[in-house]
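Visitor: Heads up, the sequence shown is in the numbering used here, so the first residue is 2 and it goes up one at a time.
The structure that follows is given in the form of structure tokens.
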Amino acid sequence: MNNPAQIKRFILTGTPGSGKTSVIMELEKLGHSVIHETATDVIALEQSKGIERPWESNDFTDKIIHMQKERQMDATGALQFYDRAPFCTYALGKYLSYCKNIAFTPSPVLLDEIDRCLKNSVYQNNVFFFENLGFITHTDARKISYEDALVFEQIYLDVYKEFGFEIVLVPKQSIEERCKFVLTTAV
Numbered sequence: 002m003n004n005p006a007q008i009k010r011f012i013l014t015g016t017p018g019s020g021k022t023s024v025i026m027e028l029e030k031l032g033h034s035v036i037h038e039t040a041t042d043v044i045a046l047e048q049s050k051g052i053e054r055p056w057e058s059n060d061f062t063d064k065i066i067h068m069q070k071e072r073q074m075d076a077t078g079a080l081q082f083y084d085r086a087p088f089c090t091y092a093l094g095k096y097l098s099y100c101k102n103i104a105f106t107p108s109p110v111l112l113d114e115i116d117r118c119l120k121n122s123v124y125q126n127n128v129f130f131f132e133n134l135g136f137i138t139h140t141d142a143r144k145i146s147y148e149d150a151l152v153f154e155q156i157y158l159d160v161y162k163e164f165g166f167e168i169v170l171v172p173k174q175s176i177e178e179r180c181k182f183v184l185t186t187a188v
């Protein structure tokens, strides 16, 4: 078992369709400890229950936070790579509020998890940020337009800066080259 203080947890984030999940999957193939994105899983789970647009539910971000925390607490390995984190969920909440043209009011669940992560330095201060690739590939969970993805991208950047993280831009290269960059930078 690893000493919790020695675990390095790196967040990979960026706009939808930026290629971060492809890099996460490649890191996993290479044998690294990865924690997959939860929002997509929450969307799929809710849609399987007949809820077509779960992101419109008031407790959507709380469901994501609960799953993220569970995955973080269950993760193993001295070096871990996260496909998004609670700060991304905060950015998602801001984005959804922006879309509805309402003020963003984060839930107590979201604020408590962010507070826990910051107080305990759960994640490394360097966050790997994947910029947009110039297009969006739509999926059942990703229905965002390219223009909205650019707005979302800026929200992500602003949120991570707001919480004091250092942004490490991942070059727009092949998946293999991006993996190499992440691994070299993380060590």
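Heads up, the beta-carbon is just placed ideally off N, CA and C, and yes, glycines get one too.
Just tell me which of Asn127, Asn102 and Leu13 has its CA closest to the CA of Glu38.
Guide: Nearest C-alpha to Glu38: Leu13.
Visitor: Lys9 bridges to which residues according to DSSP?
Guide: Paired residue(s): Leu80.
Visitor: Would you report the Cα separation of Asn133 and Gly20, rounded to the nearest angstrom?
Guide: If I take the Cα positions, the gap works out to 8 Å.
Visitor: Please confirm whether Ile145 and Pro17 have their CB atoms less than 7 Å apart.
Guide: Yes.
Visitor: Whole angstroms is fine: what's the gap from Tyr157's alpha carbon to Ile115's?
Guide: Taking the straight line joining both Cα atoms gives about 15 Å.
Visitor: Under the assumption that Thr41 contacts Ile66 (Cβ atoms under 8 Å), give the Cβ distance between them as a whole number of angstroms.
Guide: Not quite, the Cβ-Cβ distance comes to about 15 Å (not below 8 Å), so this is no contact.
Visitor: Does the beta-carbon distance from Gln69 to Arg10 come in below 7 Å?
Guide: Cβ atoms of Gln69 and Arg10: not closer than 7 Å.
Visitor: Is Val188 helix, strand or coil when you go by DSSP?
Guide: Coil.
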